[in-house]
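Following this note's numbering, the numbering of the sequence shown begins with 116 at its first residue and continues without gaps. Using N, Cα and C, we set each Cβ at its ideal position, and we do this for glycine too.
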Amino acid sequence: MNKLRTQMRWIMVVIATAFILSSFLMYERGGRGGGSSGGARGDYAVAEVNGRRLMLSTMYEHLQTRMDGSGGREITSMDFQAVLEEYAVEAQMAQEIRNSGITVTDAEVDQVMKEYVDQIFPTRESFQQYLDRTGRKLADYKKDLAQQIIRQKFIEESIGAVTVDEDEAANFYDRMKNLFFSQPSGYRANLARFSSEAEALRVRELLSEGRSWEEATSHDVMIPSDVIYVTEEPMFFSDAAFNDYLLPMKSVELGVASPVFEMASDDFVVGVKSERVEERVTPYDEVSADVRTFLHQQKEREAVSNFSAGLFSRARVVILDPSLFPSPEPDFQPVADAPENTPDTAAEEDGNPTDSVSESE
116 MNKLRTQMRW IMVVIATAFI LSSFLMYERG GRGGGSSGGA RGDYAVAEVN GRRLMLSTMY
176 EHLQTRMDGS GGREITSMDF QAVLEEYAVE AQMAQEIRNS GITVTDAEVD QVMKEYVDQI
236 FPTRESFQQY LDRTGRKLAD YKKDLAQQII RQKFIEESIG AVTVDEDEAA NFYDRMKNLF
296 FSQPSGYRAN LARFSSEAEA LRVRELLSEG RSWEEATSHD VMIPSDVIYV TEEPMFFSDA
356 AFNDYLLPMK SVELGVASPV FEMASDDFVV GVKSERVEER VTPYDEVSAD VRTFLHQQKE
416 REAVSNFSAG LFSRARVVIL DPSLFPSPEP DFQPVADAPE NTPDTAAEED GNPTDSVSES
476 E
């Protein structure tokens, strides 16, 4: 296995995998014991994934977190479907990790932990305070971290290296240059916006007297309470802007202060055009690095998506309560002779799919 690549990459790995791949462990533990999370129907198994039952209480625990900030949107069958798919992917990954034989050394764990702690916490003492505050022991933290690194190694080995060659980047540029890398004609200009027309007129007068933009719009000159916005450096505005909201500046010559005009209610503007910019397409040499980065990220997203889809396709999913999920759904066909689902038949709940990974370490 390759050594750790960069500090930031591993820090992001730790954060991402900790959030995504440990989610069901948290939900399962929080959902045990039934309670009201299953609603009036009580708690029971709604599906089986690789022989382990997924309880309704666990679904609602996960859904509650997913729905936070959704403005009270009603839970739909697609939401249940998404939770089931996540659970199946996690369960299948845990199973395949057990069979992979991938390991992690103490030195790797210590290195990742050091980089993460140095990046997030100002001192080692503050990190220890965090552990104390959350009730976690250092040994448990390192054990969880080791599992996250193993998961990341498994993902990397499964996906393989993502590369973008020069031909791909150049072909993408040729296809998309007029959309992404072209700049219309226009002007570079400075704008000053005020809530007071009198203040805008005063700045225009200073500019007309020969004061530079920096002098006329300095903090010592303007009344701060009247200032809405002032550009420190010239900004690019297309010709379309000068045919629309900057129309009063269209015929003004370069370097000459524009008349004061009202862009909106109590929004008075004065500006100076400083440079004409002709339409151009940015040459490939100037954007090649950006193109390769964009394509690399796109390929990584596709690879992760295909990886997750592959895990899901290999998971053994049995729907026990079809009423919760979309119908028809080709990927989720309930077993014809599936037992009736009642709280009694689901009295014994199997463990979380990630538990088996922990046991194997």
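Your pair PHE440 and LEU199 checks out as a contact, with CB atoms roughly 7 Å apart and the cut at 8 Å. VAL227 and LEU260 have their C-alpha atoms spaced approximately 8 Å apart. If you ignore the 5 residues before and after LEU253, its C-beta comes within less than 7 Å of the C-beta of LEU246, all in its own chain and listed in chain order.
By the C-beta criterion, the segment 387-397 is judged not to be in contact with the segment 412-426, since fewer than 3 inter-stretch pairs fall below 8 Å.
The Cβ atoms of ASP225 and SER300 do not sit closer than 8 Å to each other. Given a length threshold of 4 residues, each whole run of the alpha helix (DSSP H) inside the segment 176-259 is given here in chain order: 192-215, 221-235 and 239-249. Contact annotation: VAL161 and ASP405 have beta-carbon atoms that are not nearer than 8 Å. Note on the segment 334-410: whole beta strand (DSSP E) runs with a minimum of 3 residues are 342-345, 350-353, 376-379 and 382-392, in chain order. Selection ASP382, MET208 and MET182 evaluated against PHE422 yields MET208 as nearest (Cα-Cα). Here GLU223 really is in contact with ILE264; their C-beta atoms are around 6 Å apart, less than 8 Å. Ranked by Cα distance from PHE309, the options LEU321, ILE274, MET378 and SER241 are led by MET378. In the three-state scheme derived from DSSP, where H, G and I count as helix and E and B as strand, TYR302 is classed as strand. The straight-line gap separating the alpha-carbon atoms of LYS229 and VAL277 is approximately 27 Å. Judged by pairs of C-beta atoms under 8 Å, the segment 427-434 does not touch the segment 332-347, as fewer than three such pairs exist.
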